[in-house]
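Q: The letter at position 42 of the sequence shown is residue 42 when you use UniProt numbering, and the numbering goes up by one with no holes.
Cβ coordinates follow ideal geometry from the N, Cα and C atoms, glycine included.
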Amino acid sequence: MVSQNAQADVSFSADASDLLMIAARKQDPDTLFFQRRLVIEGDTELGLYVKKPDGRH
Numbered sequence: 001m002v003s004q005n006a007q008a009d010v011s012f013s014a015d016a017s018d019l020l021m022i023a024a025r026k027q028d029p030d031t032l033f034f035q036r037r038l039v040i041e042g043d044t045e046l047g048l049y050v051k052k053p054d055g056r057h
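(1) Could you please give the first and the last residue of the uninterrupted alpha helix (DSSP H) stretch that includes LYS51?
(2) Write down every uninterrupted run of the alpha helix (DSSP H) in the stretch 9 to 47 whose length is 4 residues or greater and which is fully enclosed by it, in chain order.
(3) Excluding the 5 residues preceding and the 5 following VAL10 in the sequence, name in chain order all residues of the same chain whose CB lies nearer than 6 Å to its CB.
(4) Would you kindly check if the distance between the Cβ of VAL50 and the Cβ of ALA14 is under 8 Å?
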């Protein structure tokens, strides 16, 4: 069970259009990250896994 007040282990921030492009695999998350268009906060290791769950880093 997750509490509504639970702190996230990792969070991602970007424009909605960039997030949709990542979800559609039309934009590389690394490119957006290095362009500072994708911000990852929290557990960096978990963030890397979530960003590319198929194992490509």
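A: In brief:
(1) 44 to 51 is the extent of the alpha helix (DSSP H) around LYS51.
(2) For the stretch 9 to 47, whole alpha helix (DSSP H) runs of length 4 or above, ordered along the chain, are 16 to 23, 29 to 34.
(3) These residues qualify, in order along the chain: GLY42, ASP43, LEU46, GLY47.
(4) Result no, Cβ atoms of ALA14 and VAL50 do not sit closer than 8 Å.
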